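Just so we're aligned, residue 1111 is where the sequence shown starts under my numbering, counting upward by one.
These notes are about the structure you will find just below.
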Amino acid sequence: MANMIQGIIPPIVTPFTKTGEVNYELAEKEMVICLEAGVHGLSVGGSTGEGPTLKDDELAEPIKTAKKHLKEDQPVICGIMRMRTQDAVRTGLAAKEAGADAIMVTPTAYNVLVPDEEGMFDFYSTISREVQLPVIIYNVIPQNEIKPALFRRLLDETEYVRGIKQSVGGIQALYAMKMMVEPDGWTYAATDEMIGSCFELGVTGAISAILAVFPELCVEMWNCAQQGQRERVEEIQKMLYYPWMCLGGNQFPIRMKYALKVLGRDAGYCRSPIFHLPDEEKERIRKAFEPLAR
């Protein structure tokens, strides 16, 4: 088993060309921006990276790129978003071969095919047994939420399921999860608008889109939380709150990429069918993010 994966781990956007090919050069630039800000690792292929649209070979390339830039103690985590156990295993093995240090696996999502708790236990225990990399559950599917008791069972009965990124239910659900599994389970914050408050709960780290938009400020917020500097944590969280609230909801990646553009960073296009952002939304994002541009 790897050591505990801790700290600020931004999920990197996947820039596409207008015709839908991955622009690996722009992706690498985003990785470098985050690493220069002092982050503790990188994540690729999650929601921010439009992971469900990526084939296995398209996931492998950013893993290899990240490994070129990461230090030995900085992990790269690969998102696995597949609807069939066998497909999740296949993608996990491809990520492992490419050099991933851990995988972040989303529960199955299609509503009429959502399994019961036993089905999800089998899903994650099979991935643990077959892939043999640390597994972080990406708890993001409202109709297939992984409850604290199931995560506790997976911690106790599998070798590699070690962490959970808590995205559904907000900070209260994160706290409930932490209460159930500490000190054994790794808990990762993903409530972007209250990420500093999550840090103060004593989470293992964060794998959350806001870290990729504002890596320097989020690293500072993390460090201040570790040092008990609560006033500065709250100050940064307030600074980022309203800009972040412009980005959430459906079509999130296109909003985030437009926000990065306002900040002077080229994140390319989204992959079809996400291609249209109304002018009024662009204006709202521009007004919120321009004061933070350098």
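Even glycine gets a Cβ: it sits at the ideal position worked out from N, Cα and C.
What you are looking at is a predicted structure, and each value in this text was computed from that prediction instead of being measured.
Counting the other CB atoms within 10 Å of its CB gives residue 1241 a total of 16 or more, which places it among the buried residues.
For residue 1214, the enclosing beta strand (DSSP E) stretches over residues 1212–1215.
Non-local C-beta neighbours of residue 1334 in its own chain, meaning closer than 6 Å and more than five positions away in sequence, comprise 1342 and 1343, ordered along the chain.
By the beta-carbon neighbour count (other beta carbons within 10 angstroms, threshold 16), residue 1385 is exposed.
Within the DSSP bridge table, the entry for residue 1142 names no partner. Taken atom to atom, the span from the alpha-carbon of residue 1328 to that of residue 1175 is near 23 Å.
For the region 1295–1325, the full-length alpha helix (DSSP H) segments reaching 4 residues or more read 1305–1310 and 1319–1323 along the chain.
Residue 1205 and residue 1185 have their C-alpha atoms spaced approximately 13 Å apart. Between residue 1180 and residue 1212, the C-beta gap is not smaller than 8 Å, which leaves the two residues out of contact. For residue 1351, the three-state secondary structure derived from DSSP is helix.
Between residue 1151 and residue 1189, the C-beta gap is not smaller than 8 Å, which leaves the two residues out of contact. Residue 1382 counts as exposed, since fewer than 16 other beta carbons sit within 10 angstroms of its beta carbon. In the three-state reduction of the DSSP assignment, residue 1192 falls in the coil class.
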